[in-house]
Amino acid sequence: MSTQNILVVDDDPQIREVLGMALERAGFDAVMARDGAEGLAQARAANPSLAVLDIGLPEMDGLELCKAIRRDSDLPILFLTARDDEVDRILGLELGGDDYVTKPFSPRELVARVRAILKRTGGAATTGSTEESGKLQIGRLSLVPESHVCKVDDRSVTLTSTEITILGKLMSRPKQVFSRPALVDAIWGPGMVVSDRTLDSHLRNLRSKLAEAGCPDAIETLHGVGLRMGPCQGT
7 MSTQNILVVD
17 DDPQIREVLG
27 MALERAGFDA
37 VMARDGAEGL
47 AQARAANPSL
57 AVLDIGLPEM
67 DGLELCKAIR
77 RDSDLPILFL
87 TARDDEVDRI
97 LGLELGGDDY
107 VTKPFSPREL
117 VARVRAILKR
127 TGGAATTGST
137 EESGKLQIGR
147 LSLVPESHVC
157 KVDDRSVTLT
167 STEITILGKL
177 MSRPKQVFSR
187 PALVDAIWGP
197 GMVVSDRTLD
207 SHLRNLRSKL
217 AEAGCPDAIE
227 TLHGVGLRMG
237 PCQGT
């Protein structure tokens, strides 16, 4: 099995060095970039399994870089942010980020987050496939988690890796009601600390995309209990 490449985009050389050492000790190959333009070039050339993006990059910041990457790839993205407010973090997730870590951070925590994302996404970015193996179907909604293909009828729906994981978990057990803690554990792994706002952001984006594609009833909320799949019949 080949070593997975992790792209780190940060303008601070000390952070690049610390992350590079931590990732390589964990068995990854670290690919470094100093700014957004270099990061975008490496995202396209180095075939990374995941990207770690600093939000506060000069010129093209991490959010703009995320948008540029998302135009042609569902590469898993972990944001680094030094800001105390939640706005940039949530905005980053709405743009297609999978998770975030706040500076100052523990390299061990960041590696754990990287591993958790790769575990739930399969560690590979895709641009789409017609692979039918493992297809899940509920009403008008279909999902092939391994090839990242989601459709409402014949209309493709572009989802992030985390959104695919959430939807796949719900679709695989359509009659089960998942409590919020159980859903967090199933997606991020037991022991990972994930804020309610992070989960809410992913769910809001997922619902919005499915509704826009014609399936607004895909995910039901049972207040005080949890979440489950809806009939996906649309309107």
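Under my numbering, the first residue of the sequence shown is numbered 7, with each subsequent residue one higher.
In this text, a Cβ means the ideal position worked out from N, Cα and C, and glycines have one as well.
Under the 8 Å Cβ criterion, the stretch 141-152 does not count as touching the stretch 49-59, having fewer than three qualifying pairs.
Straight-line spacing of the CA atoms in Ile61 and Glu70 works out to 9 Å. Trp194 and Pro64 have their C-alpha atoms spaced approximately 31 Å apart. Using a Cβ distance threshold of 8 Å, Leu99 and Thr227 do not count as a contacting pair. Within the same chain, Cβ atoms closer than 8 Å to the Cβ of Asp41 are found at Val15, Asp17, Leu63, Pro64, Glu65, Met66, the five residues on either side in sequence being excluded. Excluding five sequence positions before and after Ser178, the CB atoms of its chain that fall closer than 8 Å to its own CB belong to Leu142, given in chain order. DSSP places Gly145 in no alpha helix (DSSP H); its state is neither H nor E. In this structure, DSSP gives Cys156 an extended state, which the three-state scheme calls strand. With a contact defined as Cβ atoms closer than 8 Å, Thr9 and Gly33 qualify at about 7 Å. If you keep only unbroken beta strand (DSSP E) runs of at least 3 residues inside the stretch 59-94, you get 83-87. Under the three-state reduction of DSSP, Leu233 is assigned to strand. For Gly102 and Glu169, the gap between their C-alpha atoms comes out near 9 Å. For Met38, the enclosing beta strand (DSSP E) begins and ends at 35-39.
Three or more Cβ pairs closer than 8 Å define a contact, and the stretch 17-30 meets that threshold against the stretch 104-121. The continuous beta strand (DSSP E) containing Thr227 extends over residues 225-228.
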